[in-house]
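For the sequence shown, my numbering gives the first residue as 58, with consecutive numbering after it.
A quick write-up on the structure given underneath.
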Amino acid sequence: MSMGWPTLIAGYFVVWWLMLFAVLPFGTRPAPQPDALTGWRGTPVAPRFWRTVLATTIVAAVVWGGTVALIESNWISFRSGPWAMQEK
58 MSMGWPTLIA GYFVVWWLML FAVLPFGTRP APQPDALTGW RGTPVAPRFW
108 RTVLATTIVA AVVWGGTVAL IESNWISFRS GPWAMQEK
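Here it is in structure tokens:
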């Protein structure tokens, strides 16, 4: 049983969104001096947004590809084997 295109696209979108939050903090550095008015240092000096988007896309493609391969391989299956739902 193969997954359809809408399922594959929706799955990739979910994986990409999760990987965005995993990749987002890599390489960011807060401002060296806090803001004079608020004292806030949280905004990165150079956020490098497009580099983060590219890294997220690559990581998400690898994770998504592995997930799809695992699902399609039936190595872990809920249709047969020890995790199958028992028929009544």
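We put the beta carbon where it would ideally sit given N, CA and C, even for glycine.
- Annotation: residue 90 to residue 103 spans about 14 angstroms, alpha carbon to alpha carbon.
- In this structure, the alpha-carbon of residue 82 lies about 32 angstroms from that of residue 133.
- The beta-carbon distance between residue 72 and residue 124, rounded to whole angstroms, is 7 angstroms. This is short enough to meet the 8 angstroms contact definition.
- In the DSSP assignment, residue 89 is bridged to no other residue.
- In this structure residue 119 is exposed. Its beta-carbon is surrounded by fewer than 16 other beta-carbon atoms within 10 angstroms.
- Its chain contains 121 as the residues whose beta carbon lies nearer than 6 angstroms to that of residue 69, once the 5 sequence neighbours on both sides are disregarded; these appear in chain order.
- Residue 76 places its beta carbon 8 angstroms or farther from that of residue 110.
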